[in-house]
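Colleague:
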Amino acid sequence: MSSDKISKVLSHQYELNDPLHQLFDAVRVISVQGYDDQRRVIYWNEGSEVLYGYTKAEASGKKLEDLIIPTYMRQGVIDAHQNWLKNGIEIPAAEITLRNKSGADVSVFSSHVMFTNQYGNQQMYCIDIDLSDIREAEAQALFKQHMLETIFEAIPDLFFLMEKDGRIIDYHTSKKEDLYVSPQQFIGKNMSEILPDEISKKFQTHINKVIKQKEMSSFEYDLTMPQGISYFEARVAYLTEYKQIIVVIRDITEQYKSAELIRHQAYYDSLTLLPNRFLALDRLSQILIEAKRTNQKAVVIFLDLDDFKKVNDSLGHEIGDKLLVKAAHRLTQVVRKEDTVGRLGGDEFIVLLKGFSNHNDVLTIAENLLKVFRTPFKLAGRELMLTLSIGIAIYPENGNSASDLLRNADTAMYQAKSLGRNTFSFFTVEMNKSMQRRFEVEEQMHAALERGEFEVYYQPKFEVNTNSIVGAEALLRWNNATLGNVSPNEFIPIAEHTGLIITLGEYVFNQALGFLKHWQQCDKQAYTMAINLSPRQFRDQSLVTNLQKSLQTISVNAEFLELEITEGVLMNGQAYIHESLAQISALGITLSQDDFGTGYSSLSYLRQYPFDVLKIDRSFIHGITTNKPDCDLVKATIAMANSLGLTVVAEGVETEQQFAILKRLGCDLVQGFYFSRPLTATQLLKFSSKQ
Ligand code: C2E
Ligand code: MG
Ligand code: MG
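Mapping the sequence shown onto numbering that gives the first Met the number 0, position 405 (from 1) lands on 404, and the numbers just tick up by one.
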């Protein structure tokens, strides 16, 4: 057929369907095509142009199978069309994939009608609806579904879909064994029927919150699972359009445990597992806030184990550590559950008590703390005795802040130490004052030696039987412009603490030995010089060599030198002390135990160390005339010293009666105000020359 003829046929056929075509022409979203019995295009609306890309002019007269039918369908379409024409078998409406002008697939829902026009021509009309958007949406939905399934698989989290009231509609999990109860037990149920009351309430609170605020909300909770307590984080979100709740639950047990561990390490002492300094002080601050609010007292108890260093040094740190653990345990037994026992470091502990109103209650606790240490500790097959020194500061009397109270409790603890250990002491304003004074003394002492503020005084010693001077004790004096005369009882311990005692000690040695030389020469007497030695001086490695050097330089014979040592030196129990004493003794220097009777195991020291002289403390001499036990003690001491071959010196003899008793008891030497106060070198020279 020529093209001219075709157009004639077409126009002829077209005209006949005009009203319908006018309707189709107006529709862009639906493709309507008309075909004659040869499947040539007789109608092609705008919708077809849009869908298939051919213009009406391009499509007109072309065959259906040449235009939009993919090759593989070609024969099928021709046959089906023929079949319809000849046998009246309709081509059913269907979703099919056709082809556009550029060869791309076009998904359509295609419906067909066949009718015969008034000229008897059979015409097939195809109405194709573009399905590509729907297909795409379906593909997207499918993709999303696959993606979600993969995510659910890959993420260890649990997903729940719930109604607003907490009824569980659906869930997803990659590990069913992680579920609190089996799905059969919870699907369709309200979570309040499954979860513990407190947790389901928490969920409901957050559900209500997300509905109101339209923002995700999260919280943490814990559940007792068959394998123990597990920790979870729940994220709750609201699907506004569906009015449903999505809950994502993550198991954070591992995370929680490691965070807990870090927290624990930061706040607790790893050895005793007690709160560390940081946590203890934090608790103290909390306690103080509460105490301020409730108008109650709070108590800070500072504890220090006595001589703990000795345990470490003699038995080793391992035993020391074990002892600390046991000690910590005992401390916790004394206090109430709500009180805090913390370790501040080393052998220092702290006890914090709250809700107190009465000082006596605190006293009881302090006594109990001491008492609980009275039973020996059993360790490594030994029984070890350990005592405590306790300092107590009370809020609000002794301070308002945590740091003030801690410092004051510490000060009180030192007070307890100086009271002889194994005891407690309360912080008082007086104590605080004495600490302030200590600070001042320390400051003033700094350059006092250079300023020439020190002077050595000498107190003569007398032989009881002959009443003659046998020697003197060197006693240091300090006169300071600001502080006036400061007693050695006050400045010696401070010099010990600051280390100044080493240079001070050397000064005393040189002064005293120099004077001794001069004194001996003047009076032509074999006087002795007693010099006091402090514990710290023993720690000085060069003590013995320095002594030897001084003796040599000044050319004084060692036999004229006597060193007075208090128990403080011996209590350290260090090997080097033993050694130093042995060396000193070997040099021919006399060793004297000073202040005998004030410590608690003096007798064993006498046996242990090479002493030649024993000086009975003046407190006993003071009581000798009035107090029978004192007198008995002095008597026994003299008898014992005599039998050990030790010379006995009574210090602090103030009266004639005291002297008379001492003489009767067989004391060898005396020293005291009754005979002479400590004198300057010049005064002593004058004094002794008159004798
Ligand atoms: P100490 O070694 O027991 O010295 C005896 C103390 O008793 C001296 O006090 C002395 O003045 C005092 N005294 C002597 N006779 C009497 C008396 O009849 N009645 C009374 N009530 N007291 C008497 P001082 O000089 O105040 O010394 C106190 C302590 O300071 C000394 O006790 C000694 O341990 C220490 N000390 C003094 N000078 C030195 C020194 O150069 N080096 C060292 N390391 N310690 C020293
Ligand atoms: Mg002395
Ligand atoms: Mg003394």
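Note that beta-carbon positions come from the ideal geometry of N, C-alpha and C, so glycine has one too.
Computed from a prediction, not measured in an experiment: that's the story for all the values here.
Would you mind stating whether Asn484 and Gln443 have Cβ atoms separated by less than 8 Å?
Modeller: Mapped onto the sequence shown, residue 484 falls at position 485. Mapped onto the sequence shown, residue 443 falls at position 444. For Asn484 and Gln443, no; Cβs fall outside 8 Å.
Colleague: For a test of the three-state rule: what should DSSP assign to Asn311, helix, strand or coil?
Modeller: Residue numbering aside, residue 311 sits at position 312 when the sequence shown is read from its first letter. The answer is helix: DSSP assigns Asn311 an H, G or I state.
Colleague: In chain order, what residues of the same chain have a beta carbon less than 7 Å from the beta carbon of Arg249, not counting five sequence neighbours either side?
Modeller: The count along the sequence shown starts at 1 and reaches residue 249 at position 250. Excluding residues within five positions, the ones whose Cβ falls inside 7 Å are Asp156, Phe231 and Glu232.
Colleague: By how many angstroms is the C-alpha of Lys174 removed from the C-alpha of Val209?
Modeller: Reading the sequence shown from its first residue, position 210 is the one you call residue 209. Reading the sequence shown from its first residue, position 175 is the one you call residue 174. If you take the alpha carbons of Val209 and Lys174, they lie about 27 Å apart.
Colleague: Grab the span of the beta strand (DSSP E) containing Cys125 for me, first residue to last.
Modeller: For this step, residue 125 is matched to residue 126 along the sequence shown. Cys125 -> beta strand (DSSP E) spans Gln121 to Asp129.
Colleague: Taking only three categories from DSSP, how would you classify His710?
Modeller: Summary: the structure shown does not reach residue 710, with the chain confined to residues 0 through 690, and so no result is reported for it.
Colleague: Tell me which same chain residues have a C-beta within less than 8 Å of the C-beta of Leu15, skipping the five on either side of it?
Modeller: As a first step, residue 15 is located in the sequence shown; it is residue number 16 there, counting from the start. Residue placement at Leu15 is poorly supported in this model, since its pLDDT is 48, which falls under 50; the coordinates are not used for a value here.
Colleague: Going by the DSSP bridge assignment, what does Met161 pair with across the sheet?
Modeller: On the sequence shown, residue 161 is found 162 positions in, with the first residue counted as 1. Answer is Ile167 and Ile244.
Colleague: Considering only the beta carbon of each residue, do Leu580 and Pro534 sit closer than 8 Å?
Modeller: Residue 580 sits at position 581 when you count from the first residue of the sequence shown. Residue 534 sits at position 535 when you count from the first residue of the sequence shown. Not closer than 8 Å, so no.
Colleague: Assuming Thr625 and Gln657 form a contact by the criterion Cβ under 8 Å, report the distance between their Cβ atoms to the nearest whole angstrom.
Modeller: Counting from 1 along the sequence shown, the entry for residue 625 is found at position 626. Counting from 1 along the sequence shown, the entry for residue 657 is found at position 658. Their Cβ separation, rounded to whole angstroms, is 10 Å, which puts Thr625 and Gln657 out of contact at 8 Å.
Colleague: Let me know if Val26 comes out buried or exposed under the rule of 16 or more other beta-carbons within 10 Å of its beta-carbon.
Modeller: Within the sequence shown, residue 26 is the residue found at index 27, counting from 1. By the neighbour-count rule (16 or more Cβ atoms within 10 Å), Val26 is not buried but exposed.
Colleague: Asp629: beta carbon under 7 Å from a heavy atom of ligand 5?
Modeller: Absent from the structure shown: ligand 5. Ligands present: ligand 1, ligand 2 and ligand 3.
Colleague: Using only alpha-carbon positions, find the residue among Phe461, Thr481, Asn466 and Tyr457 that is nearest to Glu692.
Modeller: In the structure as shown, the chain starts at 0 and stops at 690, and residue 692 therefore has no counterpart that could be examined.
Colleague: Does the Cβ of Asp593 lie closer than 7 Å to at least one heavy atom of ligand 2?
Modeller: Taking the sequence shown and counting its residues from 1, one reaches residue 593 at position 594. Within the cutoff, so yes.
Colleague: With respect to the alpha helix (DSSP H) encompassing Leu697, which residues constitute its N-terminal and C-terminal limits?
Modeller: Lying before the first or after the last residue shown, residue 697 is absent from the chain, which here runs from 0 to 690.
Colleague: Please state whether the Cβ-Cβ distance between Leu562 and Ser591 is less than 8 Å.
Modeller: Position 563 of the sequence shown holds residue 562. Position 592 of the sequence shown holds residue 591. Yes, these two residues count as a Cβ contact at 8 Å.
Colleague: Using the Cα positions of Tyr170 and Lys163, report the straight-line distance between them to the nearest angstrom.
Modeller: Position 171 of the sequence shown holds residue 170. Position 164 of the sequence shown holds residue 163. When rounded, the distance between both Cα atoms is 15 Å.
Colleague: Does at least one heavy atom of ligand 2 sit under 7 Å from the Cβ of Asn488?
Modeller: Numbered from its first residue, the sequence shown carries residue 488 at position 489. The answer is no for Asn488.
Colleague: At a cut of 8 Å, does the segment 297-310 reach the segment 381-394 through at least three beta carbon pairs?
Modeller: The segment 297-310 is in contact with the segment 381-394.
Colleague: Which ranges does the beta strand (DSSP E) cover as unbroken runs of at least 3 residues, wholly within the segment 488-519, from first to last along the chain?
Modeller: You should have found no qualifying run.
Colleague: Is Ala473 near ligand 1, judged by its Cβ being under 7 Å from some heavy atom?
Modeller: What you label residue 473 is simply residue 474 of the sequence shown in a count that begins at 1. Yes, Cβ of Ala473 sits closer than 7 Å to a heavy atom of ligand 1.
Colleague: Arg166: which of Glu495, Arg234, Ser131 and Gln243 sits nearest, CA to CA?
Modeller: In the sequence shown, residue 166 corresponds to position 167, counting from 1. Checked all of Glu495, Arg234, Ser131 and Gln243; the closest Cα to Arg166 is Gln243.
Colleague: Excluding five sequence neighbours on each side, which residues of the same chain lie with their C-beta closer than 6 Å to the C-beta of Leu683?
Modeller: Numbered from its first residue, the sequence shown carries residue 683 at position 684. Cβ within range, chain order: Tyr457.
Colleague: Would you mind stating whether Leu330 and Leu368 have Cβ atoms separated by less than 8 Å?
Modeller: Here residue 330 refers to the residue found at position 331 when the sequence shown is read from its first residue. Here residue 368 refers to the residue found at position 369 when the sequence shown is read from its first residue. Yes. Within cutoff.
Colleague: From the DSSP secondary-structure annotation, give me the bridge partner or partners of Lys296.
Modeller: Within the sequence shown, numbered from 1, the residue matching residue 296 stands at position 297. In DSSP, Lys296 forms a bridge with Phe355.
Colleague: Express the C-alpha separation of Lys614 and Ala649 in angstroms, rounding to a whole number.
Modeller: Within the sequence shown, numbered from 1, the residue matching residue 649 stands at position 650. Within the sequence shown, numbered from 1, the residue matching residue 614 stands at position 615. If you take the alpha carbons of Ala649 and Lys614, they lie about 6 Å apart.
Colleague: Under the criterion of a Cβ to heavy atom distance below 7 Å, does Glu563 qualify as lining ligand 2?
Modeller: For this step, residue 563 is matched to residue 564 along the sequence shown. Yes; taking the cut-off as 7 Å, the Cβ of Glu563 has a heavy atom of ligand 2 nearer than that.
Colleague: How do the segment 216-225 and the segment 191-202 stand: do at least 3 beta-carbon pairs fall below 8 Å, yes or no?
Modeller: Verdict: yes, contact present.
Colleague: Using beta-carbon positions only, say whether Ser109 and Asp127 come within less than 8 Å of one another.
Modeller: Position 110 of the sequence shown, counted from the start, is the residue given in the question as residue 109. Position 128 of the sequence shown, counted from the start, is the residue given in the question as residue 127. Contact: yes.
Colleague: Considering only residues of the same chain and omitting the five flanking positions on each side of Asp24, which have a CB-CB separation below 7 Å?
Modeller: Residue 24 sits at position 25 when you count from the first residue of the sequence shown. Correct list, in chain order: Asn44 and Glu45.
Colleague: With a threshold of 7 Å (Cβ to nearest heavy atom), would Gly498 be considered close to ligand 1?
Modeller: Here residue 498 corresponds to residue number 499 of the sequence shown, with the count starting at 1. Flag unset: Cβ of Gly498 not near ligand 1.
Colleague: Going by the beta-carbon positions, is the gap between Glu94 and Leu130 smaller than 8 Å?
Modeller: In the sequence shown, counting from the first residue as 1, residue 94 sits at position 95. In the sequence shown, counting from the first residue as 1, residue 130 sits at position 131. A contact, by the Cβ cut-off of 8 Å.
Colleague: Between which two residues does the alpha helix (DSSP H) holding Met412 run?
Modeller: Walking along the sequence shown from the start, residue 412 turns up at place 413. Ala401 to Ser417 is the span of the alpha helix (DSSP H), which, as asked, contains Met412.
Colleague: With a Cβ-Cβ cutoff of 8 Å, do Val647 and Phe674 count as a contact?
Modeller: In the sequence shown, the residue the question calls residue 647 occupies position 648. In the sequence shown, the residue the question calls residue 674 occupies position 675. For Val647 and Phe674, no; Cβs fall outside 8 Å.
Colleague: Quick check: what's the CA-CA separation for His205 versus Gln144?
Modeller: Taking the sequence shown and counting its residues from 1, the one referred to as residue 205 is at position 206. Taking the sequence shown and counting its residues from 1, the one referred to as residue 144 is at position 145. Their backbone Cα atoms lie some 27 Å apart in a straight line.
Colleague: Does the distance between the C-beta of Asn531 and the nearest non-hydrogen atom of ligand 1 fall short of 7 Å?
Modeller: Mapped onto the sequence shown, residue 531 falls at position 532. Checking the Cβ of Asn531 against ligand 1 gives yes.
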